[in-house]
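Asks: Sharing a structure below in structure tokens format, with a few things to ask.
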Amino acid sequence: MKEYRSDKLRSVGIVAHGGAGKTSVAEALLFNAGATTRIGRVDDGTTTTDFEPEEIKRKVTISAALAPCEWLDHKINFIDTPGYADFVGEVKSTLRAVDSTLVVVCAASGVEVETEKAWQSISELNLPRIVFINKMDRENADFYNVIQEMKDKFGSIILPIQLPIGAEENFKGIIDLVKMKAILPSPSQRSQGTEEEIPEDLRETALELRQKLIEVAAEADDDLLAKYLDGEELSDNEIKIGLQKGVFQGNIIPVMCGAAYPNIGIQQIMNAVLDYTPSSEASSFLGIHPVSKEIVERKTSDGFSALVFKTTADPFVGRLSYIRIFSGSMKADSMIYNASKEKTERIGNLFTLRGKHQEPLSTIYAGDIAVVAKLQETGTGDTLCEKDKPMIFEPIMYPKPMFTMSIEAKNKGDEDKIGNALNRLMDEDKTIKVVKNVETKQLLISGIGELHTDIMAERMKRKFGVDIILSNPKVPYRETIRGSVKVEGKHKKQSGGHGQYGHVWLQLDPLPMGTNFEFVDSIFGGAVPRQYIPAVEKGVREALFGGILGGYPMVDVKVTLYDGSYHNVDSSEMAFKIASTMALRKGALQAKPALLEPICNVNINVPDSFMGDVIADLNGKRGRIQGMEPITKGAGIIKAQVPMSEMFRYAIDLRSITQGRGDFDLNFSHYEEVPQRIAEMIIAASKKEKNEEN
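Just so you know, UniProt numbering puts 338 at position 338 of the sequence shown, and the rest follows in order with no gaps.
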């Protein structure tokens, strides 16, 4: 692939709800540009951008994939992104690397939830966008219904620049409202189609919508507006100029239509990308100086700066870093400075990827995207720049992973491999979190949803040869006492020669929540010699850690050693430790023992229409509503406290209740006593598990 300067470059993210056909659109774009020899099909597992085995097996996009192509002496870096909520991190990364977006909407299904969420993210970044209404040949396809739905959701900035000719099995082509020509498919597969006169039955509608298009285009430019108000006709080129300015300003969202599989309207997408979306040539980008923390502005002509927006872990090639150049240029076989890590890295070969196919690059310029292998220190979100002109771009903001599972090796001997495999996965997916729960001794992995964690398991086996088992995490229950008691513990054993003798009196008292443990030595007169008192405390601590109800750690207990006795010959540290353990266990059973469970603070963002259902579900999970606040028009936040045991699969529950529109944040708050009926079931299950282990 030849070198392209900034003014000849476009980087476009393709986003949509899963099933809208964005991967099929990407496939058709590559074919029409001559980058591939045929249009692959998702159902056949033959598409360029869905090349991972997990993607082919499940027929869904999991990872964002580069799809560069050349069109009319320009290079367009399309990036095909996932459409399922579990892989939203890939969308977030991609949107930081592109200059504009192509939003694909299904003509039958309309605007779906992941499209709405992606639209919000695009708006937050002020990215220009084009909409392509796909699948016009599908049953129940309705272009006008989708246009109205988009206007209702996104406002009057929605502007059709094309019309379909027919729908469903009668879909025959499109009408270009700028040229005012019908474009019908040509026998030549890669033809832009044949231009014909608009069918008479659609001419009135086309004229009406073209007039609206001209008005909106004129409003985007003062000179065009003056000409229009003077009653002069705008040329096709002037209309394009007005549309381009409106798109750049965010006041126009041009809407196109077609069908990917029959290859109708696809080449017009690439024309529209060149006509209406910006190159980065005239753009400027902001970052922070790493030392002074002042805002730094970079134009494309300034010194080199870039962002690593994606990393993949290849078991054969190693780490692959996807780099978007924002200013300057980057050459193969050169040195770069990682301002985020304050490290210098050597760049070896530069290349681009089309799916999994590599094409070498020698130099890339601002606006382009390249891939580099085997950077040692650099990870996703790092800023690369010139060392004497340092800057750091704002980090990529990822959603917090809230679906947690326990992970363990299926085969003995693989435990050591798990850590390395997880580190490699976290390197390429910033929505994965791994923690070791000290209390339950479980390794916990968190992701966005169930499908996300299942894919992690499949990748660990395929890439790193580690077969794992995913299961629900154990709840870190605790035990405590509600009453006070005095108790004796005596360990006496005679077996010839030296015997064993330890004797203590302990007082057990409850402490305020969160105090954990307090040991008090109140011995007077040497009833228990000083050298044995540490052994008494050690025995108490060991007994507390093992609990007495379900084997959970006992907390918020004050233990006072106030009396005891000893034997000059038979007493030992071990004897006093055993006596103390016996006393603690016996006394705790008499001191009204109770089971405690962790309670979490939960903040749930949810549309108003789902609030009642969400609150009802929380009540069913023994939750307590703490309050509700409006956050935006039509949406609010529910604040609640809910037992942790009820929240491990809440990501799935909330998605189901709110049709994917709700999200939540969860943090540990405190411990509370478990209701008696539930406590009995938990204790019985714990004892059964321990018996099975033994």
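The beta-carbon is built from N, C-alpha and C at its ideal position, and this holds for glycine as well.
Values in this document were obtained by computation on a predicted structure and should not be read as measured data.
Going by beta carbon distance, what residues of the same chain come within less than 6 angstroms of V103, once the five residues before and after it are set aside?
Replies: So the qualifying residues of the chain are V15, R129, V131.
Asks: Would you mind stating whether D427 and T311 have Cβ atoms separated by less than 8 angstroms?
Replies: yes
Asks: Since I believe F351 is in contact with E359 (beta carbons under 8 angstroms), could you give me their beta-carbon distance rounded to a whole number of angstroms?
Replies: 6 angstroms
Asks: Answer yes or no: does any C-beta atom of chain D fall closer than 8 angstroms to that of S109?
Replies: Within the model displayed, chain D is absent; a lone protein chain is all it includes.
Asks: Could you tell me which whole alpha helix (DSSP H) segments of length 4 or greater appear in the region 506-555?
Replies: Listed in chain order, they are 533-546.
Asks: Which partner residues of L503 appear in the DSSP bridge assignment?
Replies: According to the sequence shown, residue 503 is His rather than Leu. Partner(s): K490, S565.
Asks: So, with DSSP's three-state summary, where would you put R482?
Replies: R482 falls in the coil class under three-state DSSP.
Asks: Out of N134, E112, T205, Y228, point me to the one whose CA is closest to L29's CA.
Replies: N134
Asks: Near P476, which residues of its chain fall below 7 angstroms by C-beta distance, leaving aside the five closest residues on each side in sequence?
Replies: N437, E439, T440, P598
Asks: Is the separation between the beta-carbon of S305 and that of S327 shorter than 8 angstroms?
Replies: yes
Asks: Quick check: the region 486-500 against the region 572-579, are there 3 or more CB pairs under 8 angstroms?
Replies: yes
Asks: Tell me which same chain residues have a C-beta within less than 6 angstroms of the C-beta of H452, skipping the five on either side of it?
Replies: These residues qualify, in order along the chain: D86.
Asks: Checking the sheet assignment: what are the DSSP bridge partners for H357?
Replies: R354.
Asks: Specify the secondary structure class of H17 as computed by DSSP and reduced to three states.
Replies: DSSP, reduced to helix, strand and coil, places H17 outside both helices and strands of the structure shown, so it counts as coil.
Asks: For I345, which beta-bridge partners are listed by DSSP?
Replies: Residue identity differs from the one stated: residue 345 is Glu in this sequence, not Ile. For E345, which the question treats as bridged, DSSP gives the partners I336.
Asks: Count the other CB atoms within 10 Å of the CB of R624; is the residue buried (16 or more) or exposed (fewer)?
Replies: exposed
Asks: Quick check: the Cα distance between V273 and V466, rounded to an integer number of angstroms?
Replies: Just so you know, the alpha carbons of V273 and V466 end up roughly 44 angstroms apart.
Asks: Using the three-state DSSP reduction, which class does R324 fall into: helix, strand or coil?
Replies: strand
Asks: Considering only residues of the same chain and omitting the five flanking positions on each side of D608, which have a CB-CB separation below 7 angstroms?
Replies: G634, A635, G636
Asks: On the CB-based measure, 16 or more other CB atoms within 10 Å of its CB, does S645 come out buried or exposed?
Replies: buried
Asks: So, using beta-carbon positions, are L595 and I683 closer together than 8 angstroms?
Replies: I683 sits close to L595, with the two beta carbons spaced by under 8 angstroms.
Asks: Determine the contact status of P399 and S446, defining contact as a CB-CB distance below 8 angstroms.
Replies: no
Asks: Decide if G18 is buried, meaning its Cβ has at least 16 other Cβ atoms within 10 Å, or exposed.
Replies: buried
Asks: If you follow the alpha helix (DSSP H) that I272 is part of, which residue opens it and which one closes it?
Replies: The identity of residue 272 in the sequence shown is Ala, whereas the question assumes Ile. Segment 266-276, the alpha helix (DSSP H) holding A272.
Asks: With a threshold of 8 angstroms, are at least 3 pairs of Cβ atoms found where one atom belongs to the region 512-520 and the other to the region 554-562?
Replies: A contact exists between the region 512-520 and the region 554-562.
Asks: Which ranges would you report for the alpha helix (DSSP H) in the region 580-637 if only whole runs of at least 4 residues count?
Replies: 611-620
Asks: Let me make sure I understand the geometry here. Which of E52, A35, I364 has the alpha-carbon closest to that of P68?
Replies: Of the listed residues, the one whose Cα sits closest to P68 is A35.
Asks: Beta-carbon separation of L213 and E219 under 8 angstroms?
Replies: Not a contact, by the Cβ cut-off of 8 angstroms.
Asks: Please report how far the alpha carbon of Q442 lies from the alpha carbon of P529, in whole angstroms.
Replies: 40 angstroms
Asks: Quick check on the DSSP output: the beta strand (DSSP E) that includes D314 runs from which residue to which?
Replies: 305-314
Asks: If I follow the unbroken alpha helix (DSSP H) through R298, where does it start and stop?
Replies: Careful: R298 lies outside any alpha helix (DSSP H), inside the beta strand (DSSP E) at 295-299.
Asks: Do A20 and V105 have their C-beta atoms closer together than 8 angstroms?
Replies: yes
Asks: Could you tell me the boundaries of the alpha helix (DSSP H) in which F248 lies?
Replies: 236-249
Asks: Quick one: is M681 buried, meaning 16 or more other Cβ sit within 10 Å of its Cβ, or exposed?
Replies: exposed
Asks: Taking Cβ to Cβ, would you say M391 is nearer than 8 angstroms to R324?
Replies: no
Asks: Among H357, P553, M180, which residue has its Cα nearest to the Cα of R541?
Replies: P553
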